Amino acid sequence: MSISQHYYGQAAELLVAKETDTASHSEAYWQGYLDAVAWCLAGQPPNHQHEQPYLPGTLMFDAWAYGKVNGIVFAKEHVEKKPQRRFFWGKNPA
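Residue numbers (the working numbering): 576 to 669.
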């Protein structure tokens, strides 16, 4: 299992645990939603620019983008913040 599969699995489990109604939107919407939640679970900034799987101007592109926006909102509410590692070059501050 790759790292991304691990986070996508966690994202899907989180949606099930929060009893999210996955029948309410298209597959493209949920793909964008899971992309956003998995990215946040991986400890990445929620405003990361995901690779767009659909052509701009198509309904599927719009659905994916809408799912991503809603996935970010969901992740901000339900994904625990992971501490960011900070590296200091030179002397450590006292």
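A virtual CB, placed ideally from N, CA and C, is assigned to each residue, including glycine.
This one's a predicted model, so the numbers in the text were calculated from it and none came from an experiment.
**Prompt:** Quick one: what does DSSP say Gln-627 is sitting in, helix, strand or coil?
**Reply:** Along the sequence shown, one-based indexing puts residue 627 at 52. The answer is coil: DSSP assigns Gln-627 none of H, G, I, E or B.
**Item:** Length of the line joining the Cα atoms of Leu-590 and Tyr-629
**Value:** Counting from 1 along the sequence shown, the entry for residue 590 is found at position 15. Counting from 1 along the sequence shown, the entry for residue 629 is found at position 54. Going from the Cα of Leu-590 to the Cα of Tyr-629 covers about 23 Å.
**Beta carbon of Leu-616 nearer than 8 Å to that of Ala-586** = Here residue 616 is taken as the residue at index 41 of the sequence shown, counted from 1. Here residue 586 is taken as the residue at index 11 of the sequence shown, counted from 1. Yes, the pair counts as a contact, with Cβ atoms nearer than the cut-off.
**Asked** For the candidate residues Val-648, Val-654, Ala-638 and Pro-620, whose alpha-carbon lies nearest to that of Ser-599?
**Response** Here the question's residue 599 lines up with position 24 in the sequence shown. Here the closest residue by C-alpha is Ala-638.
**Message:** Rounded to whole angstroms, what is the Cα-Cα separation between Tyr-583 and Val-648?
**Reply:** For the purposes of this step, residue 583 is taken as residue 8 along the sequence shown, with counting starting at 1. For the purposes of this step, residue 648 is taken as residue 73 along the sequence shown, with counting starting at 1. When rounded, the distance between both Cα atoms is 17 Å.
**Sequence-distant residues of the same chain with beta carbon closer than 6 Å to Leu-646, five excluded per side** = Working through the sequence shown from its first residue, we reach residue 646 at position 71. Per the sequence shown, the amino acid found at residue 646 is Gly instead of Leu. Excluding positions up to five away in sequence, the list reads Tyr-608, Ala-611 and Val-612.
**Prompt:** Taking the alpha helix (DSSP H) that Gln-606 falls in, what are its first and last residues?
**Reply:** The sequence position of residue 606 within the sequence shown is 31, counting from 1. Residues 602-616.
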